[in-house]
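Beneath this line is the structure, given in structure tokens, with notes to follow.
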Amino acid sequence: MSLSSSFFGSKFGITERDLDRYLAEALGRGADYADLYFEYLATSSISLDESIVKSATQGVSLGVGVRVIAGERTGYAYSDDLSPEKILKAAATAACIADSPAKVDTVSLTPARQHDLYPVLRAPIDQPLEERVQFVKRTDAAARAADARVIQVQSTYADSLRHVLVATSDGKLSFDRQPMARLNVSVLARQGEGTPQQGYGGGGGRVGLDYFTGASAPEAYAREAVRLAIVQLDATEAPAGESVVVLGPGWPGVLLHEAVGHGLEADFNRKGTSVFSGRVGQKVASELCTVIDDGTIDSRRGSLNVDDEANPTRQNVLIENGILRGYLTDELSARLTGGRSTGSGRRENYQHIPMPRMTNTFMLSGASTPEEIIRSVKKGIYCANFGGGQVDITNGNFVFSASESYLIEDGKLTRPVRGATLIGNGPEAMQYISMVGNDLKLDQGVGICGKDGQSVPVGVGIPTVRIDKMTVGGTARA
Amino acid sequence: MTEQQLRSAAVSAVEQALALGATGAECTIASGSEFSVTVRLGEVEKLKEADSCGAGLRVLLGQRQGSSYTSDLSAEGIRQMVTSAIEIARITEADPYAGLPEADELGQLTQDLGLASELTLSTAEKIDWAKRAEKAALSADARLTNSDGASFDSHTGVRVFANSRGFAGSYHSTYCSLSAVPVAKSDERMERDYWFSIGRDHTRLESPEQIGRRAAERVLRRLGARKIATQTATVVFEPRTARSLVGHVFAAVTGDAIYRKSSFLLDKIGQVVASPAVTIVDDPTLPGLFGSAPFDDEGVPGRRNLIIQNGVLQTYLLHTYTARKLGRKTTGNASRGLTGSPGTGHGNLYLEAGALPPEELLREVGNGLYVTELIGQGVNTVNGDYSRGASGIWIENGELTYPVTEVTVAGNLSEMLKNVLFIGNDLEFLGSTAAPTLAIGGMTVSGVQ
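The listed protein sequences correspond, in order, to chains A and B. Counting in numbering that gives the first Met the number 0, the first sequence runs from 0 upward without gaps. Counting in numbering that gives the first Met the number 0, the second sequence runs from 0 upward without gaps.
Spelled out as structure tokens, the structure:
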């Protein structure tokens with residue numbers, strides 16, 4: 000694509016001369032590097048509650064962020080106005096911090112290499128609202144039809160289309176058009192006068208509307224949410240204390256995101272503040288574990304054709320057969336450590352400085368069948384679904400909260416237990432993985448990752464795995 | 000844009016919506032400047048400075064409603080926002096309870112809430128303060144070998160609100176904050192922790208040296224942490240962690256949770272839901288604090304609401320919609336960003352201080368876990384299930400002894416509120432939610448075995 004035919008070229012008349020001028024201003028006080036991030040974001044969302052489409056929102060935001068790097072210093076400024084005066088002012092502001100003897104000239108801009116992972120012809124947000132509103136209605140009808148104990152259904156459909164232009168002082172120029180759509184449903188079920196229990200379903204990705212008419216139809220999400228809520232009606236207290244833990248396939252991959260993913264982001268490692276700092280080449284997990292962060296999977300929520308610094312995303316091997324292979328790097332950490340960016344520089348929007356972030360993080364399948372894994376456990380807990388998690392990357396402690404779990408007794412799933420938080424220490428917990436299933440599954444496409452105040456969409460995945468020891472934070476004493 | 004221009008833009012958006020057939024409309028505009036600098040190991044690492052603005056509009060077409068937002072406050076930007084809101088409202092369905100507050104409910108507090116002050120520190124001074132805080136932290140002990148930096152942040156903003164029932168108001172606010180995040184190492188184990196101070200201007204911040212020293216103390220006391228055995232124990236939440244419990248009570252008393260029957264406090268008004276020592280208040284009228292505002296996000300003046308008094312649940316927190324759903328009046332708790340319909344927010348939400356200094360409270364407790372950090376989201380305010388990752392310090396014979404790590408604390412919020420044994424006298428507002436030290440009996444601490 001050429002600049003003149005790109006979104007920002009055609010709609011806002013941005014020319015190569017403009018970009019050169021802004022970059023020159025950004026480098027004007029002396030610096031090693033500068034980049035511009037133009038973003039136009041249109042979003043819409045439609046919400047249903049009590050079987051009424053109660054509210055719907057749409058809107059647009061537009062802006063440009065200017066970043067200047069000198070050594071380890073970063074200056075950043077942004078403008079929500081694309082007039083040349085405002086952009087030049089932002090560039091001058093960002094340049095102030097650099098103020099370095101370093102002197103680089105801008106290199107003439109060349110379109111960056113990038114993928115074509117989401118060639119959605121018509122983005123969902125460009126389709127008639129009347130078509131999109133049907134999803135929440137169908138979800139509601141299906142959830143209510145699924146079980147008479149369902150007392151509340153809430154559903155939200157949200158989509159967005161982001162146009163991005165990145166231009167860097169070392170000559171990279173990228174354009175991307177990033178569609179996203181997501182359908183969520185939350186239900187409440189109640190047995191007689193008992194305590195109501197919640198269940199969630201949902202999914203999406205960088206997809207077209209047809210995604211929600213096949214196997215990922217609204218009805219499927221609704222039935223899953225109802226199933227989860229109904230299971231909880233019979234759940235008893237979760238155990239407290241150390242236990243063998245079996246994770247089901249798919250969303251429980253959030254384990255990897257928390258236990259190792261964040262700790263392998265290069266900003267922490269460059270500064271030596273991660274429990275994984277300085278451990279490349281060392282064994283940090285059982286040899287059954289190969290963990291990958293892959294931003295190049297078609298249509299996935301965490302995928303990107305090109306990252307937010309004009310570097311193409313990649314399939315990055317983080318851990319191979321238990322050995323730590325590398326970190327996720329952005330432009331700054333690559334420059335400071337003498338490596339190349341792994342295409343992991345991401346930001347929430349033009350108001351934020353990019354950081355190394357995950358995309359789709361998963362573990363490769365192993366040799367065991369899921370049945371064998373469950374059969375191997377005399378007493379333990381099987382976690383099929385999780386809510387969120389969190390990690391302290393410095394000491395390595397991480398948690399994730401189970402939303403669907405069952406006791407395993409004598410190799411069989413016996414009864415459901417209530418939600419509980421599991422806690423472990425990243426490098427230790429990964430060593431305790433003693434069986435890996437042959438059933439790798441990626442999540443449904445609803446993940447959001449937060450770091451330093453910035454949220455970005457991500458994906459996770461895992462096959463069934465057995466962890467020999469983790470602390471389960473229930474209330475039932477053995 | 001000046002405050003007056005922003006108000007005109009909001010009023011104009013409302014008028015344009017009515018002209019296009021809306022039966023009601025309200026517009027929020029936020030405009031502000033942010034500054035942030037982080038220093039690490041004595042050098043500036045990141046500096047960010049920018050102005051931003053945005054507008055949001057909600058329109059009613061009879062009982063249907065839609066909303067839109069934009070970052071473009073030009074006349075054309077506002078015009079497009081109005082058209083967009085009307086367009087999307089047409090796909091929504093009639094909701095008998097949708098609507099704006101009644102005209103006689105609108106208004107604003109007239110006393111000075113002390114929300115804005117002069118931010119007079121220069122960039123060089125802000126950098127210097129951050130450097131001083133980090134230096135004070137790292138020089139406190141030889142085991143403090145690394146740093147995640149120290150930051151000075153400041154913000155000034157103006158918020159404007161206008162609706163089609165004649166309300167137009169605006170207010171300025173400022174804040175600045177200083178934080179330090181040192182990293183300590185011993186026996187190949189690393190820990191980090193932080194301390195921060197926040198104020199409407201820099202004169203109300205703790206000194207950089209004090210922030211650095213407190214951050215250093217917090218991280219040093221984590222070194223050498225061990226796991227402990229699984230047991231039932233009294234858990235003492237220090238103020239920084241206790242405030243999250245008040246947040247869970249808030250989530251359970253919002254009108255939204257109540258009308259959806261998604262709250263462990265459903266149908267409990269007038270009933271004992273907590274220990275008689277527990278009183279929880281929401282008060283947006285307290286001068287200078289971070290949850291104060293002259294009107295809520297629907298143009299209703301804020302007021303003091305007693306949520307739990309001596310253990311008895313007194314009220315839910317409502318905005319216009321949830322009030323109508325529940326056959327009540329709004330409590331002035333509407334809150335919204337620029338997009339979407341109002342949800343429930345709070346002003347200064349706090350648990351009233353007790354009489355015990357924290358040291359005496361620990362002596363009363365005798366043995367238990369003093370929790371200094373909670374991680375994870377394992378809280379379900381529908382059924383009350385509570386299970387979070389924790390680290391802290393073991394209390395033995397009334398004294399803080401060794402640090403504890405990698406445990407969970409679990410219980411059920413209904414029981415935890417009733418099991419509040421002691422309340423400290425150390426209530427301090429470091430944000431819009433606050434609580435003093437709290438001791439809760441009978442919790443499950445999960446660790447080894």
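Even for Gly, the Cβ is constructed at its ideal location relative to N, Cα and C.
Excluding sequence positions up to five before and after Gly287 (chain B), its CB lies within less than 7 Å of the CB of Gly113 and Arg199, all in the same chain and listed in chain order. Looking at the DSSP output, His171 (chain B) sits in a beta bridge with B:Val157.
In this structure, the CA atom of Tyr258 (chain B) is about 38 Å from the CA atom of Ile461 (chain A). Cβ atoms of Leu420 (chain B) and Ala438 (chain B) come within 8 Å of each other, at about 5 Å. Residue pairing for His162 (chain A): DSSP places it in a beta bridge opposite A:Tyr39 and A:Arg176. Counted as a single uninterrupted DSSP element, the beta strand (DSSP E) harbouring Lys450 (chain A) occupies residues Ile447 to Lys450. At a cut-off of 9 Å between beta-carbon atoms, Glu372 (chain B) makes contact with chain A. Taken through DSSP and simplified to helix, strand or coil, Val455 (chain A) comes out as strand.
By a beta-carbon distance limit of 8 Å, Thr380 (chain B) contacts Ala251 (chain B). Their separation comes to about 5 Å.
Under the rule that a run must span 3 or more residues, the beta strand (DSSP E) segments found entirely inside the stretch 171–244 of chain A read 171–188 and 196–204.
Note on geometry: alpha-carbon atoms of Asn418 (chain B) and Leu412 (chain A) lie some 34 Å from one another. Secondary structure note for Lys378 (chain A): its beta strand (DSSP E) is the uninterrupted segment Lys378 to Val390. In the DSSP annotation of this structure, the continuous segment of the beta strand (DSSP E) that includes Asn347 (chain B) starts and ends at Asn347 to Leu350. Taking the C-beta atoms as reference points, Val370 (chain B) is found no nearer than 9 Å to Val311 (chain B). Glu130 (chain A) carries a helical assignment under DSSP once its states are collapsed to helix, strand and coil. In chain order, Ile45 place their CB closer than 6 Å to the CB of Ala55 (chain A), counting only its own chain and leaving out the 5 sequence neighbours on each side. Per DSSP, the continuous beta strand (DSSP E) segment holding Gly65 (chain B) begins and ends at Arg63 to Thr69.
Per DSSP, the unbroken alpha helix (DSSP H) holding Val81 (chain B) starts and ends at Ala74 to Ala88. For the pair Leu316 (chain B) and Ala29 (chain B), the CB atoms are not nearer than the 9 Å cut-off.
In summary, His318 (chain B) is buried, with 16 or more beta-carbon neighbours lying within 10 Å of its beta-carbon over all protein chains present.
Cys95 (chain A) has a beta carbon lying within less than 9 Å of a beta carbon in chain B. For Leu46 (chain B), the chain A residues whose Cβ falls inside 8 Å of its Cβ are Arg72, Thr73, Gly74, Tyr75, Cys95 and Ile96, in order along the chain. Chain order gives the chain B residues near Lys53 (chain A) as Thr91 and Asp94, where near means a beta carbon separation below 7 Å.
With fewer than 16 other beta carbons inside 10 angstroms of its own, Tyr401 (chain B) counts as exposed.
Near chain B, meaning a CB-to-CB distance below 8 Å, the residues of the stretch 246–272 of chain A are Lys270, Gly271 and Thr272. The beta carbon of Ser176 (chain B) sits no closer than 9 Å to any beta carbon of chain A.
Of the candidates B:Ala129, B:Ser413, B:Gln448 and B:Ser243, the residue whose Cα lies closest to the Cα of Ser274 (chain B) is B:Ser413.
The stretch 299–311 of chain A makes contact with the stretch 345–364 of chain A; the number of CB pairs closer than 8 Å reaches 3 or more.
Asp17 (chain A): not part of any beta strand (DSSP E); member of the alpha helix (DSSP H) spanning Glu15 to Ala25, first to last residue. For Val182 (chain B), the nearest CB of chain A lies under 9 Å from its own CB, placing it at the interface with that chain. Contact annotation: Gly64 (chain A) and Arg346 (chain A) have beta-carbon atoms nearer than 9 Å. Every alpha helix (DSSP H) stretch that sits fully inside the stretch 262–325 of chain B and reaches 4 residues is listed by chain position as 319–324. For Pro353 (chain A), not one C-beta of chain B is nearer than 9 Å to its own C-beta.
Those residues of the stretch 220–251 of chain B placed with their C-beta closer than 9 Å to a C-beta in chain A are Arg221, Ala224, Lys226, Ala228, Thr229, Gln230 and Thr231, ordered along the chain. The DSSP-derived three-state label of Phe34 (chain B) is strand. In this structure, the straight-line span from the alpha carbon of Ile210 (chain B) to that of Phe151 (chain B) is close to 12 Å.
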